[in-house]
Amino acid sequence: MKKRVFYFLLLVGLVLGLTACGTKETRGNAVGKTGEESGSNAKQEDTSLQYILDRGKFIVGLDDTFPPMGFRDDANNIVGFDIDLAQAVSDKLGVELVLQPIEWDAKEQELATKNIDAIWNGFSITEERLANLTMSDPYMENSISLVVAKDSEIASMEDMAGKRLAVQSGSSAQEALDSEENKEFKDSVGK
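Per the numbering used here, the sequence shown runs over residues 12 to 202.
Here is the structure:
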């Protein structure tokens, strides 16, 4: 079992380390060049795991208001399940873990501009993200749920008509709410 966990953590670290792969334009510049053009004069950004190993630190972008995955404890330290997992991967790689809180709706821009090496924090896999990013195998399943108090009058989606609904900006919940499939529901809730 311990071996399996080690290989899983190593795989997650490798995949997440490679998540910062260059843009299609950057990758395209390396293809089809002559030796002289692709030699030392060509400026190419290193987006490999080796880049992280050479630098000695792994910068992880996360939402620090997302318990239990990543949040601040009473001493203002960032803690949580994802933090423990990222630390274990960093330890196995022999690099320093740097936790970088980010605006969640700018997460992919943070990654593209190399402000962070990986997004690690309740990041749902979608077809669009699979087309644009390298993603690890999921390490947990999630779903979007509507949660109300036990004594609430709300027992169905229809009962939400005229009620306020909050979702995190840039989240899968926002994408689901904004989808054509949920247009009628979105139009029924209070603004």
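The beta carbon of each residue, even a glycine, is placed where N, CA and C say it ideally should be.
Residue environment, residue i, which counts as buried when at least 16 other CB atoms sit within 10 Å
i, result
"V159", "exposed"
"D189", "exposed"
"G81", "buried"
"A129", "buried"
"G91", "buried"
According to DSSP, residues forming a beta bridge with residue i
i, result
"K68", "E107"
"P112", "L73"
"V90", "F82"
"I130", "G72"
For residue i, the three-state DSSP class (helix, strand or coil)
i, result
"V159", "coil"
"L176", "coil"
"A41", "Caution applies to A41, whose pLDDT of 31 falls short of 50 and renders its modelled position unreliable; the value that the coordinates give is listed next. Coil."
"I63", "helix"
"S147", "coil"
"E139", "helix"
"S101", "helix"
"K125", "coil"
"E186", "helix"
Supposed close pair residue i, residue j - CB separation, criterion 8 Å
i, j, result
"N193", "A184", "Not quite, the Cβ-Cβ distance comes to about 10 Å (not below 8 Å), so this is no contact."
"E107", "G67", "6 Å"
Exercise. Counting Cβ pairs, one atom from each stretch, are 3 or more of them under 8 Å apart for the region 71–79 and the region 104–118?
Worked result: Yes, since at least three Cβ pairs between the region 71–79 and the region 104–118 fall closer than 8 Å, the two stretches touch.
Exercise. Does the pairing of the region 135–145 with the region 162–180 give three or more beta-carbon distances under 8 Å?
Worked result: Contact between the region 135–145 and the region 162–180 is absent: fewer than 3 CB-CB pairs across the two stretches fall below 8 Å.
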